[in-house]
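A quick write-up on the structure given underneath.
Number of protein chains: 4
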Amino acid sequence: MIIQLNPDIDNGQKEAIVNKINQLKYSTTEVKTQQGDYLVGIGKSDFDIREIGFMPGIRDIHIVSDSYKLVSRKWKVDYTSIDLGDGVKIANGDLAIITGPCSIEGEQQIKETLEHCRENGVKMMRGGVFKPRSSPYSFRGSGIEGLKLWYELAKKDGVKIVTEVMQVSQIAEMYDYVDVFQVGARNTQNFNLLDELGKIDKPVMIKRGISGTIDELLYSAEYVFSGGNEKLILCERGIRTYETASRNTLDLNAIPILKEKTHLPVIADPSHGIGIRKHVEPMALAAVMAGADGIIYESHCIPEEAMSDGQQTLDFRESAKLISRMRKAHELKKVF
Amino acid sequence: MIIQLNPDIDNGQKEAIVNKINQLKYSTTEVKTQQGDYLVGIGKSDFDIREIGFMPGIRDIHIVSDSYKLVSRKWKVDYTSIDLGDGVKIANGDLAIITGPCSIEGEQQIKETLEHCRENGVKMMRGGVFKPRSSPYSFRGSGIEGLKLWYELAKKDGVKIVTEVMQVSQIAEMYDYVDVFQVGARNTQNFNLLDELGKIDKPVMIKRGISGTIDELLYSAEYVFSGGNEKLILCERGIRTYETASRNTLDLNAIPILKEKTHLPVIADPSHGIGIRKHVEPMALAAVMAGADGIIYESHCIPEEAMSDGQQTLDFRESAKLISRMRKAHELKKVF
Amino acid sequence: MIIQLNPDIDNGQKEAIVNKINQLKYSTTEVKTQQGDYLVGIGKSDFDIREIGFMPGIRDIHIVSDSYKLVSRKWKVDYTSIDLGDGVKIANGDLAIITGPCSIEGEQQIKETLEHCRENGVKMMRGGVFKPRSSPYSFRGSGIEGLKLWYELAKKDGVKIVTEVMQVSQIAEMYDYVDVFQVGARNTQNFNLLDELGKIDKPVMIKRGISGTIDELLYSAEYVFSGGNEKLILCERGIRTYETASRNTLDLNAIPILKEKTHLPVIADPSHGIGIRKHVEPMALAAVMAGADGIIYESHCIPEEAMSDGQQTLDFRESAKLISRMRKAHELKKVF
Amino acid sequence: MIIQLNPDIDNGQKEAIVNKINQLKYSTTEVKTQQGDYLVGIGKSDFDIREIGFMPGIRDIHIVSDSYKLVSRKWKVDYTSIDLGDGVKIANGDLAIITGPCSIEGEQQIKETLEHCRENGVKMMRGGVFKPRSSPYSFRGSGIEGLKLWYELAKKDGVKIVTEVMQVSQIAEMYDYVDVFQVGARNTQNFNLLDELGKIDKPVMIKRGISGTIDELLYSAEYVFSGGNEKLILCERGIRTYETASRNTLDLNAIPILKEKTHLPVIADPSHGIGIRKHVEPMALAAVMAGADGIIYESHCIPEEAMSDGQQTLDFRESAKLISRMRKAHELKKVF
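Protein chains in written order, with this note's numbering: chain A, 1 to 336; chain B, 1 to 336; chain C, 1 to 336; chain D, 1 to 336.
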């Protein structure tokens, strides 16, 4: 069950509620987020919700049959909107477009990408400064210095920064320069990282694990939410299957399924989802039609010279065409 | 290599060509289809194509580096169009819509489905009369009598019949009543069935295997083509993965990948691809945007009472809405 | 439920039982096998087993909660033994060894393999005469002539023949020359083939599907059993996963799980299960320790020259060593 | 390429070697471990190994065609042995047995498990004090206090402690109380954690990722090795597949494949690999026969009351029987 507490609840009232719940053999977790103060009760026994519902200090109470709770639409039917400031939002009914290179490489590249964003009305830019790489000998990113440079250049345009955080110690270091912290597919179940991201007041975008289930993705979001941070975005980016003709298998089924199960925004990453440059466009358009609230994809001034992922990266001409087409597809989808 | 022979080639010329190819250590398979007479050469050594190309009796010759040959776009760049007669086609640039129940159940159901097709301008109807079922105790379909009844009712409307053939002995029995023979996901590598379907002059739609690769699907099509039947359609219907939130994982990546690799039409089956009624629509629309040449999906007058697959079957109101939306999405896709 | 009928039941008694069962809203399938006459009831309602159990003509009755019935150990706790004649058995507690080439190639090869069997006390030989191949241009086997030759040579030694049947029409053709009909991994759900194999009186070995579940394998066996043939053997041969370092992923978990769920013998195929010659031995030994009732693997006089699967085929020296080691491992396993 | 440097190399010599390698367009990583000082060169061009091999300061040089280097048997053919002190080793040809509960729960449980180890001559005990859990509401382990208690109790018996580390900050905290740091399946690609574990002088056991490839496991080991720590053990613990009859699919193919590819010891975890208590024994025995250098499995005084994983945990009677049988199987395997 989820109990939302009144903002002016006093300690005695809260204690009484916790005691009551514990009597029903439910454990309780207290959750304080940017939006409110909740008690999450975990247990199995049946009880009459009115026994608790009328206690003083309670704003509302819901029984949530899913095993994830705070991220479930059984609790919160209305979709959550993530506000990045300056009018930039990731929200149901909108189409968030996030583009940029796999890796931040240097000033010239950042500037050209920002110029590309400006020309196409894109307000969110992606890019990696800490790169998870299978091999220890590969390029691991330009690090915090790259991020600071990017931040300086992007803030002039009001373009928001979406970038991956790989470990707890990076959160504080990156905090001032990041608008959306991305949790990568290899870290979806890095629970310590999720715990720490629950303590901050900036949006977190969680990518589905390399072979993560839809439920595991929701549990990972529950970690951050129950840690105190409601500002969450989920991202489908392809799963590992036996098929080798594509880099991953973009599981667009996950889009409508997630939109039914959770109130959080759901976006798709067709670049990693198929991994083949010329097929990114049809998969991005398909994701829009499947109901995605946004698309994140890789673009670069000269993909052939990108330090990573060039084979799945669009050049700016392709990217501009894609942006225009996604918007048209989204316009059509909205009237359905 | 693929050599297309002149229609008026004489036996001596053909023999000379075969001898020449065998000297290069290539094996040859002679293929006679509705469209032409070909020699497929399989081998590894390099040679100068001009050595063969100027021999009398040869119309053209192509080196095809893929291990499938006749279905490859490296041989035939122009997309193949499948003509079912009466102006009904499955073709690149069009949107073929095929709907109907999982199983043919009886006269009333057939009539209502045909009425639904007529009202929505749908010219192809699906339905199973021989049903592959995991358990021997499940309903196995209405059989040949069901098919004959369906045929009688459908021919008045000029609606084309798409239905699954499960074994060699059924081909002759079904032949007069079928417009497209469907090979089900469990039979994608039933090579004897494919061999026999190569000998007939009716279109064959091959579904991707339950965990078949894209290449295996192309090889299965190559079986039918090399057996003598060019009239082929491929169908993505979801693959088996670890994810249990959906019945299968609809692999829409396969649509653009197949459209690049083969000249054959590629359609998608969102009903089996996700297996959840309310999510069929977004996945159908996504498949259109991914570039599918057609959509096959399940509809029924009363899905709750369907003898099979009711959980993934649309009612006619939902189906009509979907048809209209798919057409709008396709109109948009065409101008991209 | 499964009802075993008395051999001397009369029609009136049988009809009374069927009526009684139908009243409970259970459908009935009558099954006559080599061993007995059964009624399989499929339904969901609860009832008092004594209502039926005391009716005349019933030998025994069991409620089987699994959705497969006749192959379940919930019905038949004692393990089934398959007798191939001449003292050759596949049975719980024994270790059946089946070896031979991927494909039957010719007289010399057959003779050398039989000689290898004789020297090592192996009484069952495998070999393909009809080969399922992904590509239509690959070698498809020596056909019925190869089988007849093999039969003539093997019968002198009393060596039993295990070979794959690919389609219904081959059953009659092959019947006189085969001791165990093998259903290959691509045909595990070729239900027409399974139906027909239910009508014969020779053992059938069913390989697990390329990505078949354990339950699907049991259902496939249920097809044959409910068709009238109890002589069944199951074979784990590796499943398709994302791992590409091996040809398949030999799922040895399936051995103890199947031995718990079914009374049928369970064997393992390490050759296809790993697909790498030098690793066949450890996987064969592992399968013995996991509880397999037998091992089927590929051997050839000169693996490098085998017409198919040479990369996973042992030479006779390696094979002899493996046989000896498997027997020692099995001796140890027996005393555990 | 891998160059082992002489212990007494001077800076000028090292610089000359690095320059030479860079001229060949190879990048260099200097690696200092407990055993030696290496230069790993990563590049693609061909060169004559003698050009470098005779330079002063070089002990030996190897070309390693694998993309992982220091963990490859192409560099180091002899198997690595991990010495935990007091005569306890994990080594090729031995059978390391590691048992204990999923979670450390308290003094009584630790004492009983240690007693069980002592009675059966087991010198390594497993147990979790930091538990990765899908849901944030599940028990997360007894933490550092549990570890300290365990350490105090275990050191009297000379039993070595194997336990999971989940994040960088725990390494220092746990260091004094741990003999083998285990990296769990969800952290196999937590590269920051691997980097930090490369800086310590205690053995690290890396579990294969939930859907990790064999190559990815080797790369993860390469992270630790190239960070400076050679003391590595790999562990196969089952992979995620479509099969739901078992918790994971224990991929025993990985055992002989890893033993061929790497010089590091390879152990198996049948508890997680199948997830069903009664089937842990056959899978453990199978792993021994497949060539595992050790087995790690879960045992508990009263599995039904374990705080986690009880369904796959043996009681001490079952565990004692298993230990005896694994040793017998290993004795047999050794003489093969």
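Quick reminder that beta carbons are idealized off the backbone N, C-alpha and C, glycines included.
Residue i classed as buried or exposed, judged by whether at least 16 other C-beta atoms fall within 10 angstroms
i: T244(A); result: exposed
i: V183(B); result: buried
i: Y175(D); result: exposed
i: S65(B); result: exposed
i: R317(D); result: exposed
i: N290(B); result: Just to set this straight, residue 290(B) is Ala in the shown sequence, not Asn. Buried, since its Cβ has 16 or more Cβ neighbours within 10 Å.
i: I267(A); result: buried
i: N19(C); result: exposed
i: A292(D); result: buried
i: N22(A); result: exposed
i: S226(D); result: buried
i: P136(C); result: buried
i: A172(D); result: exposed
i: S45(D); result: exposed
Option nearest residue i by Cα separation, candidates the options
i: R327(C); options: G121(C), G43(C), S134(C) and Q167(C); result: G121(C)
i: V224(A); options: L5(A), I17(A), V31(A) and S27(A); result: V31(A)
i: G143(C); options: P136(C), K111(C) and G106(C); result: G106(C)
i: V180(A); options: S169(A), F191(A), N190(A) and I200(A); result: I200(A)
i: A91(C); options: I295(C), L322(C), L314(C) and H62(C); result: I295(C)
i: D48(A); options: R240(A), N229(A), I61(A) and K123(A); result: I61(A)
i: K131(B); options: K160(B), M166(B) and S72(B); result: M166(B)
i: I255(A); options: H263(B), I274(B) and I267(B); result: I274(B)
i: H272(D); options: A292(D), P265(D) and D251(D); result: D251(D)
i: Q4(A); options: I161(A), I58(A), G43(A) and G12(A); result: I58(A)
i: I2(A); options: Y297(A), G53(A), G310(A) and I323(A); result: G53(A)
i: E260(B); options: I21(B), I214(B) and G87(B); result: I214(B)
i: L149(A); options: G127(A), N192(A), H300(A) and E304(A); result: G127(A)
i: S27(B); options: S138(C), M307(C) and L153(C); result: S138(C)
i: S103(D); options: C235(D), T80(D), T313(D) and G212(D); result: T313(D)
i: R186(C); options: R237(C), I302(C) and G209(C); result: G209(C)
i: E222(D); options: E236(D), S211(D), I206(D) and R237(D); result: I206(D)
DSSP beta-bridge partners of residue i
i: A185(D); result: Its beta-bridge partners do not exist; DSSP assigns none.
i: D60(D); result: Q4(D)
i: A96(A); result: G294(A)
i: S299(A); result: L314(A)
i: D78(B); result: BP columns for D78(B) are empty, so no partner.
i: V163(A); result: One detail in the question is off: residue 163(A) reads as Thr in this sequence, not Val. Note: T163(A) sits in a beta bridge opposite F181(A).
i: V204(B); result: F181(B) and L232(B)
i: A268(D); result: E236(D) and I295(D)
query = What residues in the segment 34-48 of chain D have a beta carbon less than 8 Å from any beta carbon of chain A?
reply = V40 and I42
Contacting positions in the segment 241-258 of chain B - beta carbon closer than 8 Å to chain D = T241, Y242 and T244
query = According to a CB-to-CB cut-off of less than 8 Å, which residues of the segment 189-218 of chain D neighbour chain C?
reply = S211, T213, I214 and D215
Chain B contacts made by the segment 222-241 of chain A, where a contact means CB separation under 7 Å = I239 and T241
request  = Could you please tell me which residues of the segment 61-86 of chain A, in chain order, have their CB closer than 9 Å to any CB of chain D?
outcome  = S67, Y68 and K69
inquiry  = Under 8 Å, CB to CB, which of the residues in the segment 302-336 of chain A have a partner in chain B?
reply    = Taking 8 Å as the Cβ-Cβ cut-off against chain B, the residues of the segment 302-336 of chain A that qualify are R325, K328, A329, L332, K333 and F336.
inquiry  = Just to confirm the assignment: which complete beta strand (DSSP E) runs, minimum length 3, are found wholly within the segment 11-72 of chain A?
reply    = 27-32, 37-42 and 58-62
query = Which residues, in order along the segment 168-181 of chain D, keep a beta-carbon less than 9 Å from a beta-carbon of chain A?
reply = Cβ contacts with chain A come from V168, S169 and Q170.
message = Suppose only complete runs of 4+ residues qualify. What are the alpha helix (DSSP H) ranges in the segment 236-265 of chain A, listed by chain order?
response = 254-261
query = Which ranges would you report for the alpha helix (DSSP H) in the segment 103-152 of chain C if only whole runs of at least 4 residues count?
reply = 107-119
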